[in-house]
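Engineer:
In my numbering, the protein residues as written are 23 to 296.
(1) Is residue 147 buried or exposed, if buried means 16 or more other CB atoms sit within 10 Å of its CB?
(2) Verify the contact flag: residue 102, CB atom, against every heavy atom of the ligand FAD, threshold strictly below 6 Å.
(3) Find out if the Cβ-Cβ distance for the pair residue 94, residue 169 is shorter than 7 Å.
(4) Could you give the C-beta distance for residue 112 and residue 167, rounded to a whole number, given that I count them as a contact under 8 Å?
(5) When you compare the region 186–206 with the region 137–156, are there three or more beta-carbon pairs, one atom per stretch, that lie closer than 8 Å?
(6) If I measure Cβ to Cβ from residue 117 and keep anything under 7 Å in the same chain, skipping five residues before and after, which residues do I get?
(7) Which partner residues of residue 293 appear in the DSSP bridge assignment?
(8) Which value, in whole angstroms, describes the spacing of the CA atoms of residue 227 and residue 46?
(9) Residues in the same chain with beta-carbon distance under 6 Å from residue 52, minus the five sequence neighbours each way, listed in chain order, please.
(10) Rounded to whole angstroms, what is the Cα-Cα separation between residue 81 and residue 110?
(11) Give me, in chain order, the residues of the same chain whose beta-carbon lies closer than 8 Å to that of residue 156; leave out the 5 immediate sequence neighbours on both sides.
(12) By DSSP's criteria, residue 25 is part of a beta bridge. Which residues make up the other side?
(13) Between which residues of its own chain and residue 174 is the CB-CB distance below 6 Å, once the five residues before and five after are set aside?
(14) Please specify which runs of the beta strand (DSSP E), each continuous and at least 3 residues long, are wholly inside the region 190–228, giving them in chain order.
(15) Measure the CB-CB distance between residue 266 and residue 240 and report whether it falls below 7 Å.
(16) Which residues mark the beginning and the end of the beta strand (DSSP E) in which residue 97 is found?
(17) Could you give the distance in angstroms between the alpha-carbon of residue 286 and the alpha-carbon of residue 127?
(18) With distance defined between alpha-carbon atoms, name the residue in 58, 27, 245, 276 nearest to residue 163.
(19) If you scan the region 99–164 from start to end, which runs of the beta strand (DSSP E) of 3 or more residues do you find wholly inside it?
(20) Span of the beta strand (DSSP E) holding residue 246?
(21) Where residue 290 and residue 183 are concerned, what is the direct C-alpha to C-alpha distance, given to the nearest angstrom?
(22) DSSP puts residue 183 in a beta bridge; with which residues?
(23) What is the C-beta distance between residue 101 and residue 77, in whole angstroms, given that I count them as a contact (C-beta under 8 Å)?
(24) Quick check on DSSP: helix, strand or coil for residue 56?
(25) Using the DSSP secondary-structure output, state which residues sit across from residue 253 in a beta bridge.
(26) Helix, strand or coil: how does DSSP classify residue 40 here?
(27) According to DSSP, what are the bridge partners of residue 67?
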């Protein structure tokens, strides 16, 4: 009997769906105490993420189904036992993450964070003019599932969408134009909003550094939902302190989790979510 170890929290009806899909298999679910090394070692199939050191103890792992879109850390040599199949969740997060991007951007454009702070202080004060998605130019770096879903939403609200991806074979309807990464420097100065939804690769490491932050339009917005390593965090802190960008929304950081004493927590007009 195959042993399937599920490390992610699942509700009872999800357990029923899983068990109906694999009759005759034994399902083990991670408890509140976390992931058991013994359950990992004895599993034939794992659903969810597992600390990499634990994977080295697997005796007969056949298949690892990640619940994340990224899988780079699991593809390194020696991480998985020989012959283990690996699958990620690419395509599962476009809807949810694109709505996060849209919500965070609107909150910054409409200065809702400032009005919330005023509310906490019981201050009735105008924060001045606000910005609109309509007529804004978006540079979406990483035009896969998440980037395309975000482009679809902002285009519906009147935004102009330019995408960047590794290779270009046509331009999807949700984009007005599509480019490869070698055009990034030329496109940054014209963008009102720069969105990153990139995997962690040597090519994407600190793709937004001090030099490229200086290329961005003054008053632009920067959004990152891919990997924290795509942005030079220290350079971003300086840019925000100097008021070069109107706002930044980060669902990922480098380092992650962000230490409590890190200056990024105190940087003005920055949204940080875990």
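Ideal Cβ placement from N, Cα and C applies to all residues, glycine included.
Please read these numbers as outputs of a predicted model, since none were measured by experiment.
Structural biologist: Straight from the coordinates:
(1) exposed
(2) As for the ligand FAD, it is missing from this structure, which has no ligand bound.
(3) Not in contact: residue 94 and residue 169 (Cβ atoms no closer than 7 Å).
(4) 6 Å
(5) no
(6) 171
(7) 271
(8) 44 Å
(9) For residue 52, same chain residues with a beta-carbon under 6 Å away, outside a window of 5 residues either side, are 29 in chain order.
(10) 22 Å
(11) 179, 180, 181
(12) 48
(13) 196.
(14) 199–201, 215–218
(15) yes
(16) Note, residue 97: premise wrong, no beta strand (DSSP E); not H, not E.
(17) So the alpha carbons of these two residues sit roughly 18 Å apart.
(18) Residue 245 is the option with its Cα nearest to residue 163.
(19) Correct list: 107–109, 159–163.
(20) 242–246
(21) 27 Å
(22) 160
(23) About 6 Å; that satisfies the 8 Å criterion.
(24) strand
(25) Beta-bridge pairing links residue 253 to 230.
(26) helix
(27) 26, 85
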